[in-house]
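Read the structure below first, then the notes.
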Amino acid sequence: MSATPSAPSFLTENPAGDGGLLGVDAGPRLTGPTPSQSRFQVDLVSEAGAAAEDRSPSSDGSATAQEGPATDPGAGGEEAKGRFRVVNFADPSEAGSAASPEGGAPGEGLQNGDTVMSETSLHSSTGGQHHYHYDTHTNTYYLRTFGHNTIDAVPNIDFYRQTAAPLGEKLIRPTLSELHDELDKEPFEDGFANGDELTPAEESAAKEAADSKGVVKFGWIKGVLVRCMLNIWGVMLFIRMSWIVGQAGVALSCLIVAMASVVTTITGLSTSAIATNGFVRGGGAYYLISRSLGPEFGGSIGLIFAFANAVAVAMYVVGFAETVVELLKGVDAIMTDEINDVRIIGTITVILLLGISVAGMEWEAKAQIFLLFVLVTAIVNYFIGSFISVKAKEPAGFFGYDGSILWENMGPDFRGETFFSVFSIFFPAATGILAGANISGDLSDPQMAIPKGTLLAILITGIVYLGVAVSTGACIVRDASGSLNDTVSSQFMTNCSDAACKFGYDFSTCKSSKDGCTYGLQNDFQVMSLVSGFGPIITAGIFSATLSSALASLVSAPKVFQALCKDNIYPGLGMFAKGYGKNNEPLRGYILTFGIALAFILIAKLNTIAPIISNFFLASYALINFSVFHASLANSPGWRPSFKYYNMWVSLAGAILCCVVMFVINWAAALLTNVIVMGLYIYVSYKKPDVNWGSSTQALTYHQALTHTLHLSGVEDHIKNFRPQCLVMTGYPNSRPALLDLVHTFTKNVGLMICGHVRTGYRRPNFKDLANDQARYQRWLLRNETKGFYTAVFAEDLRQGSQYLLQAAGLGRLKPNTLVLGFKNDWRDGDMMNVETYISMIHDAFDFQFGAVILRLREGLDVSHIQGQDELLSSQEKSSGMKDVIVSIDTSKDSDAESSKPSSKATSLQNSPALQKDKKSPSMPLNVSDQRLLEASQQFRQKQGKSTVDVWWLFDDGGLTLLIPYLLTNKKRWSDCKIRVFIGGKINRIDHDRRAMATLLSKFRIDFSDITVLGDINTKPKKEHVTAFEEMIEPYRLKEDDMDQDVAERLKNSEPWRITDNELELYRAKTNRQIRLNELLQEHSSTANLIVMSLPLARKGAVSSALYMAWLEVLSKDLPPILLVRGNHQSVLTFYS
């Protein structure tokens, strides 16, 4: 089918103004179709150079992509920046021939098309950093693929970036609103098109990314493998491994190495799993743990891990200094004494190492390569020497490889040690596997480098440790005197049983002599120097091992600490987050690390510190393993590591192993480590840092909540487990603080509270505003430590909205069973249909088998008309740095029962964070009534003094009227209040009724201070009170006896709230009872802190809403706070166990 000119489209490109607004020139319209008219004309601005005249067929086989307005081919994508591109679809009857060279104007027949903003039209909140929009109109790919031009973008990795990361620019996909909303809406009106607000940590990361040219990044060999190998091959390899073989024997030494390798391998696998589950930033172990388990564990382990690395610098430097002092001692060149020489050499060394570190990561990496070369040379030197048997070395116990020596050294020969004490001495040599991960921010591809480099380093170092263990055990005897006089002649060979006897030496005197010998595996720490081909190279290897480990720790500690400070987990440490130079070097962190290391170097004895350092590392390993188990257990869809060679149960076993090893090495240090970790955990939990990293703790919490909710739904309700689960019609939660506070008091940690809000009076409901308010007010509840939920709905009127909430609020068994309303104080001032709606809500609650509760305060409940009331009510600073201020909507108060009905203008004000931020408290002083209202609205937040809660339990509603005051007085604020119970009764049976009620209350195990039986409820009320009631209802009477029946019926149908004469006469006795009850309340309960009273019922359809409202008014007027309660007449109390 050929393309017809009946459905052409034009693309016009219009330069935007400086403000990024769409400008269209109203130029003359060109008419008349051309023969080559295509259905789609696509602007090829960014592809002008490459595809200036691309006319390939579109998907329908005939439409062509035709060149748009003439552009400079060299401009390419640069000219595209700073513009809108609008695709306008022409009316079939008014097709134009071409676009104007100046940027053509649409004709009258053109409709608004899809709009795309380009890069400069949207700025993030990160100080001008650009976020790019994927402009699909500049590429014919979409035209060829879908057959029409669309702003709906195809999948692209850049849409999923959190910030403008170094790996690529962040693009913003078209929002659902842009694709779905009507075309007269302003595009991108909400700032971030995908709603991704940047956190402070992400802002700083984005800032770094903006200046990333020339940054030094390392691959997996230089960045991870080299560092891990240098850190694992510590000084233990040269001066302790041979001693371990002498003590434990070859077999158990291999077992010790294997056990340590199992722990580190499992941890390496877990580290690999976490590192490949998303982009890894700087911070190493802290970053991995905090993003997996949350800020509590991450913050606590990050601090001690950074500290452990700082102290490890001192430990390695002191090890180096001691070796140097030993050499000086050998040539009699001690400067002062041994301890002070260690301090002097250690201080000079750490200053030099600091200089290398501060010079930059590139210099530090070069130093590490050189040190690795020396270390590998020393190891090779040892193995070569072990094959060269030298006669002069035999008196010292080295005879070359021999089966008899290996067999003799196979078993253990513990001398003052145990298996676990020897293991604890070796294990610190196996640590260091996180040296590569600790500089994760300096790796070019952490997801590939960390698993590959860490696991290969564990493998290589493990093999070398095993090789040294077997090698030393096969060629060196345990004891040797070093004396040539211990040779044995052939006639005495029969009495010699040691392996050395075979080579003509008898070292049996070493075991029998008091002082023992100074050579052999058991006695000489420098055996590897003896065996090696050239001894000084081993000394160089010891220097290399200590200095490389010190350098790695000196770099790791500031990097981890900087990442911790950037996240603002500990507010006082923010100054250390600052980085300098192109690599964002933490110079302040280096200085701090240097200070800590220097302090411990001056001590010069680290025997008590070393086990604590090992325990700090092990605590990190344990939490990394536990992170993998926890994330797998939570079964979060976001847990998708590309490294598949892990198992949740193996990781759990690794975590347990790490904890066991901690206590094996040093139980006291392990206890101290756990105390420190838990202390920091509790601190961070208490401070609740404002971060959200999607941790597995969140995922597991959700998983458990879902599981328990489903489980709960399968269990039948039981009276003993009844809880008042309240749907509180608060409107905005901060509009009626007294209502919210009172209900929260008796539902906190007991039952569910949902703050219901019905949004009415909208011509076109804005559901996006509703969703924003949902999140905003839920945060408000959390910040005010109110345990409840906020739920809002749009509805035609308040009754319809309350019906929605009564039906749909909650989940499973976590559904409301009690409707809580504020009393409608202004019921006589407004439209009486509002009263009809209000009373209908109460009827609906009973229809849905809900209980109903109404709170009345003499001063009223609604404070939303007082501008800035939230600031007046609370001086608490909001975590976002702004106050939630309720904008004044109307000059008159809203009803306490109704939700807010702002105009569309007021709504936009209310939901504008910018206006909220700048809004100030009212400069004019509050009038007296508003001041009293604010004071009354806070009364339930305060400690209630020694007074009473008076319970007027006149009708048995299942016990809710009694349960609510019991729950209240169980709370700390109300604990000083006593419950007084008032019941109706006959004058001649007062004592009997009191005893019966006392028995019932004692069986319910509810404490009370007094029971009053009211025998005079049926006494007629005072005449002036009856007269006042009649005057009150006079405007609302139908007076059908004074008009025609037809007229009366029409009036009743149009105004159903009116009170008929028949109805008034029929319920005369009930009316008098409400008036009389108010008199009794004034008499008995005028000093109570709270009155809880049975809510009178009105039969639906028989009692008009005006009469029912009048009953509630006359019953509760001029009293302390009164709670009218009516359960659903199902028992909520039981005395059975």
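Positions in the sequence shown are counted from 1; adding 49 to them yields our numbering.
Glycine included, every Cβ here is placed at the ideal spot set by N, Cα and C.
- Checking the DSSP bridge columns, you'll see His679 has no partner listed.
- The continuous stretches of beta strand (DSSP E) do not include His760, which lies in the alpha helix (DSSP H) extending over residues Ser745 to Ser762.
- Shown here, Ala1151 sits in coil according to DSSP, grouped into three states, outside any helix or strand.
- A check of alpha carbon separations from Gln856 across Ser681, Phe897 and Lys378 identifies Phe897 as the nearest.
- Comparing C-alpha distances from Ile891 to each of Leu776, Leu1182, Asn783 and Ala416 shows the shortest one belongs to Leu776.
- For the options Lys1035, Phe1053, Pro1105 and Arg1038, the alpha carbon positioned closest to that of Tyr1015 is the one of Phe1053.
- By the C-beta criterion, the region 795 to 802 is judged not to be in contact with the region 994 to 1002, since fewer than 3 inter-stretch pairs fall below 8 Å.
- Around the beta carbon of Ile221, 16 or more other beta carbons lie within 10 angstroms, which makes this residue buried.
- Secondary structure note for Arg1175: its beta strand (DSSP E) is the uninterrupted segment Ile1171 to Arg1175.
- Nearest to Tyr568 by C-alpha distance, out of Ser578, Ser598 and Asp528, is Asp528.
- The Cβ-Cβ distance between Asp790 and Arg990 falls below 8 Å.
- Just so you know, the alpha carbons of Ile587 and Thr558 end up roughly 30 Å apart.
- Apart from the 5 residues on each side of it in sequence, Ile394 sits with its Cβ closer than 8 Å to the Cβ of Phe369, Ala370, Val373 and Val374 in its chain, given in chain order.
- For Trp1001, DSSP records a beta bridge to Phe1031 and Met1142.
- Sequence-distant partners of Met285 (beyond 5 residues in either direction) whose C-beta falls short of 6 Å from its own C-beta, in its chain, are Ala478.
- With three or more CB-CB distances shorter than 8 Å, the region 485 to 498 counts as touching the region 320 to 328.
- Under DSSP, no beta-bridge partner is assigned to Glu371.
- Under the three-state reduction of DSSP, Arg392 is assigned to helix.
- If you keep only unbroken alpha helix (DSSP H) runs of at least 4 residues inside the region 288 to 364, you get 290 to 324 and 333 to 342.
- Excluding sequence positions up to five before and after Asn1127, its CB lies within less than 7 Å of the CB of Val1163, Leu1164 and Lys1166, all in the same chain and listed in chain order.
- Annotation: Phe556 is outside any beta strand (DSSP E) and is labelled neither H nor E by DSSP.
- DSSP places Phe448 in the coil class of the three-state scheme, outside both helix and strand.
- The beta carbon of His1178 lies closer than 6 Å to those of Asp1006 and Gly1007 in the same chain, with the five residues before and after it left out.
- The beta carbon of Ile714 lies closer than 7 Å to those of Ser473, Phe476, Pro660, Ser663 and Asn664 in the same chain, with the five residues before and after it left out.
- In this structure, DSSP gives Cys708 a helical state, which the three-state scheme calls helix.
- By the neighbour-count definition (other C-beta atoms within 10 Å, threshold 16), Ala820 is an exposed residue.
- Buried is the label assigned to Phe356, since at least 16 other Cβ atoms lie within 10 Å of its Cβ.
- Per DSSP, Val275 is one residue of the alpha helix (DSSP H) stretching across Val275 to Ile281.
- The Cβ-Cβ distance between Ala844 and Gln823 does not fall below 8 Å.
- Counting the other Cβ atoms within 10 Å of the Cβ of Ser1135 gives fewer than 16, which makes it exposed.
- Here Met802 carries a strand assignment [DSSP, helix/strand/coil].
- Rounded to the nearest angstrom, the gap between the Cα atoms of Ile1028 and Thr1061 is 11 Å.
- When Gly805, Asp846 and Arg862 are compared, the shortest CA-CA separation from Gly837 is found for Gly805.
- A distance below 8 Å between beta-carbons, with the five flanking residues on each side excluded, links Leu863 to the following residues of its chain, in chain order: Thr758, Leu761, Gln774 and Leu801.
- For Phe838, the enclosing beta strand (DSSP E) begins and ends at Phe838 to Phe843.
- Between the region 599 to 617 and the region 480 to 495, the count of C-beta pairs closer than 8 Å reaches three or more; the two stretches touch.
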